[in-house]
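Going by the working numbering, 465 is the number at position 465 of the sequence shown; the sequence numbering is gapless.
Below you'll find the structure, written out as structure tokens, and then a few comments.
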Amino acid sequence: MNSTKAGPSTSRIAIEPHGFISGQEISDAATGQPLCNRYLGVPYAQPPIGPRRWALPQPLPAGFSYSSQSCYDSFAPQCLQPKYRHQYSIDPPEPPRESEDCLYLNIWTPCGDPPEGGWPIWFQIHGGWLQTGDANQSPLKDLAHLIAPRDRAGMGLQCVVVFPAYRLNVFGFLGSDALDKEAGKGNFGFFDQRLALEWVHSHARSLGGNPSSITVSGLSAGAQSAHAQVLYEFSRAQQDESYRPLIRRCLLRSGTAMLPPKSLEETRPQLEELARCLDIEKQTASDRLQTMRAVPAEKLVAAIDKLKMHTFRSVDDGGPAEGGFVSSSWAEDMRSGAFSRWCKKQGIAFMIGECANEDQLYRLINPPNPTPSFGESLQLELHNYYPLRTTEALLRAYADALPANTNKDSDAWATTFGRITSDAQVFAAERLLIRYLIRPDEGGLTQDDVLHYRLERRAGFLDEVMPRETGVYHGACEAVFLYMEEAILAQEQVGEAAAKTTARKDLSSFEEFCAPFLEWVRGRDQASVAKQWLTGSTGDTESVRTTAAGGASGRMRILRADGRVEVARDPLEESKDSLISALEKAIFA
């Protein structure tokens, strides 16, 4: 049951020089009070089809007019994508439409006049391994109550929220040195995100937003993307001292861009395998790409499931210095402290965190299989994510944790796969990043600039999506940061008495935990937010307590399983220390 309803077309927004967009007013279904405005399926680039497949995204042409569409009230198609199969269903009841033509925005804005300077802007990049996902393409994931003011039963975020759709899998992350340099060598999905961010920055005032107060955020691959967007701005600044970043704050939920990209040379076997699958392996590399541009998009997606190297990831395309996006120097830039010092100089702050049971989802997606053996399959699946040298270094680090029986007990191998990937993607990676970021003695970021969190409480309504035994799995954070108010209100309306009690407890805990987060996204002074985050000494968080073990560093804000909010020393700091060192060696192998 949805607790909101969409009304008729609302006031128009001028998007110069392309006319106007009209959206819908979203109101509370029970009270009728307006909560926010919503604009769906707003194009920000030319369709990446035909000759624009595997090419940099192109801005809308000068003659394009938004006014040709009466109302932007329907979700546009998401990028075509493979379907991951496992025993649990986490898909919406009515999956969104899919198309290669997918470069659209979904936008939510507060009702009423913006404050002086404009509303802060939250640019939210969806996750999905860079292979799947959507830009909030479902009425079940509406953000109305998150944005709405407190006096209208909302969370009171009061900011402009933008979800960009971008190219995924083979469309967004096929990398090849056979591609024209001018058209890009890969990382097209990252370039899509960048063009969308530039669109938002350019039209911020029209949306009622503040172009100088942009938070870029993401979950999983969305977090990797958000981190990559800040690193891209860092690289641009190294090339041009006059360059000024668009991003002021970066929220990384269960992901980073710490792991190195593959080289273009290492992606060649993947392109050759795809060519064999399409029966064009005898063509030259350049001819193959020309032929592939004419292959129906649905046929390309169908081929992904047949590939051993089925995951298309970011590649080292030389970075901005060579007209690309991702640079192999990023890891060293972070380790040396150069990135931290630049962020401090630019006033860029971070919020980084995790779910307690990240491995419970990772173990379900592409786990090892017994053909030809679990051990070989484990290496192959890890190599789908990482360069071979990184994969081999990770396997050496986990050698003692591998199941003893090499070709039996699939559950044990899935568990091992989940542990390795959750550590490499989240637990070890984020802690290594935090070590690289907090460099106060070197002119870099301080503890106040890098806020750390951990979620140990599972929202009750997630039982309808994933079994309770999966705990606070990878992605469960969305229930806290994005959808809690909407989902909990719906549960209170239709749930049993016990469910309603759980819903009220969830809402109370999540609101207490998120109070400083909301202030952070709103652009409140960083020192004040950090004080509230780390001590709970202001606002609605007076009940937050700092444990005796909590020191000046290594503290994080933790939402405990019973709903208490604590500020305590990182519980994984010591247990993950050797893995952090192993990951660092793997990155620089």
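Note that beta-carbon positions come from the ideal geometry of N, C-alpha and C, so glycine has one too.
{"Asked": "Grouping DSSP H, G and I as helix and E and B as strand, with all else coil, what is I365?", "Found": "coil"}
{"Asked": "Hey, could you find the ends of the beta strand (DSSP E) Q124 is sitting in?", "Found": "119-125"}
{"Asked": "Could you give the first and the last residue of the continuous beta strand (DSSP E) run that contains W533?", "Found": "W533 -> not in any beta strand (DSSP E); alpha helix (DSSP H) instead, spanning 526-535."}
{"Asked": "Kindly give me the distance between the Cβ atoms of A221 and G127, rounded to whole angstroms, as I take these residues to be in contact under 8 Å.", "Found": "5 Å"}
{"Asked": "Quick check on K282: buried or exposed, where buried means 16 or more other Cβ atoms within 10 Å of its Cβ?", "Found": "exposed"}
{"Asked": "Out of R12, L579, K262, which has the shortest C-alpha to C-alpha gap to D400?", "Found": "L579"}
{"Asked": "At what residue ranges does the segment 231-286 contain a whole run of the beta strand (DSSP E), taking only runs of 3 or more?", "Found": "249-253"}
{"Asked": "Label K306 either buried or exposed according to how many other C-beta atoms from any shown protein chain fall within 10 Å of its C-beta, with 16 as the threshold for buried.", "Found": "exposed"}
{"Asked": "Would you mind sorting G347 into buried or exposed? The rule is 16 or more other CB atoms within 10 Å of its CB.", "Found": "exposed"}
{"Asked": "With 16 other CB atoms within 10 Å as the buried threshold, where does T311 fall?", "Found": "buried"}
{"Asked": "Helix, strand or coil: how does DSSP classify T547 here?", "Found": "Caution applies to T547, whose pLDDT of 45 falls short of 50 and renders its modelled position unreliable; the model cannot decide the point."}
{"Asked": "With contact counted as at least three CB pairs below 8 Å, one residue from each stretch, are the segment 407-419 and the segment 367-375 in contact?", "Found": "yes"}
{"Asked": "By the three-class DSSP mapping on this structure, what secondary structure does S138 have?", "Found": "coil"}
{"Asked": "In this structure, does DSSP put V315 in helix, strand or coil?", "Found": "strand"}
{"Asked": "What is the residue span of the alpha helix (DSSP H) that F191 lies within?", "Found": "188-202"}
{"Asked": "Per DSSP, what kind of secondary structure is D540 in: helix, strand or coil?", "Found": "Unreliable placement is indicated for D540, whose pLDDT of 40 sits below 50; the coordinate value is still reported in the next sentence. In this structure, D540 counts as coil in the three-state DSSP scheme."}
{"Asked": "Can you tell me whether P164 is helix, strand or coil according to DSSP?", "Found": "strand"}
{"Asked": "Any idea what DSSP makes of W413, helix, strand or coil?", "Found": "helix"}
{"Asked": "What are the start and end residues of the beta strand (DSSP E) that includes G156?", "Found": "First-last for G156: undefined, no H or E at that position."}
{"Asked": "Report the rounded CA-to-CA distance for A582 versus S225, giving the unit in angstroms.", "Found": "24 Å"}
{"Asked": "How is W54 classed by DSSP in three states: helix, strand or coil?", "Found": "coil"}
{"Asked": "Return the first residue and the last residue of the alpha helix (DSSP H) that S336 is part of.", "Found": "330-336"}
{"Asked": "So if DSSP puts R557 in a beta bridge, which residue, or which two residues, is it bridged to?", "Found": "Y453, V567"}
{"Asked": "Terminal residues of the continuous alpha helix (DSSP H) containing D577?", "Found": "577-587"}
{"Asked": "What would DSSP say about L402, mapped onto helix, strand or coil?", "Found": "coil"}
{"Asked": "Work out the CA separation of A76 and N37 for me, nearest whole Å.", "Found": "17 Å"}
{"Asked": "Whose C-beta lies closer than 7 Å to the C-beta of R612 among residues of the same chain, with five residues either side of it excluded?", "Found": "Residue 612 lies beyond the residue range present for the chain, which begins at 1 and ends at 589; the question has no answer from this structure."}
{"Asked": "Comparing C-alpha positions only, which one of T284, R268, C102 sits nearest to G186?", "Found": "R268"}
{"Asked": "DSSP state of M351, grouped into three classes?", "Found": "strand"}
{"Asked": "Can you list, in chain order, the residues of its chain with a C-beta nearer than 6 Å to that of W533? Leave out the 5 residues immediately preceding and following it.", "Found": "L451, P516, R557"}
{"Asked": "For S68, count the other beta carbons within 10 Å of its own beta carbon; 16 or more makes it buried, fewer makes it exposed. Which is it?", "Found": "exposed"}
{"Asked": "Between P368 and E381, what straight-line distance do the alpha-carbon atoms span, to the nearest angstrom?", "Found": "7 Å"}
{"Asked": "Assuming G375 is part of the beta strand (DSSP E), what are its boundary residues?", "Found": "No beta strand (DSSP E) contains G375, which is instead part of the alpha helix (DSSP H) from 374-385."}
{"Asked": "Which term fits A527, buried or exposed, when burial requires 16 or more other beta carbons within 10 angstroms of its beta carbon?", "Found": "exposed"}
{"Asked": "Label T109 either buried or exposed according to how many other C-beta atoms from any shown protein chain fall within 10 Å of its C-beta, with 16 as the threshold for buried.", "Found": "buried"}
{"Asked": "Where do the ends of the beta strand (DSSP E) carrying N357 lie?", "Found": "Segment: none, N357 is in no beta strand (DSSP E) and carries neither H nor E."}
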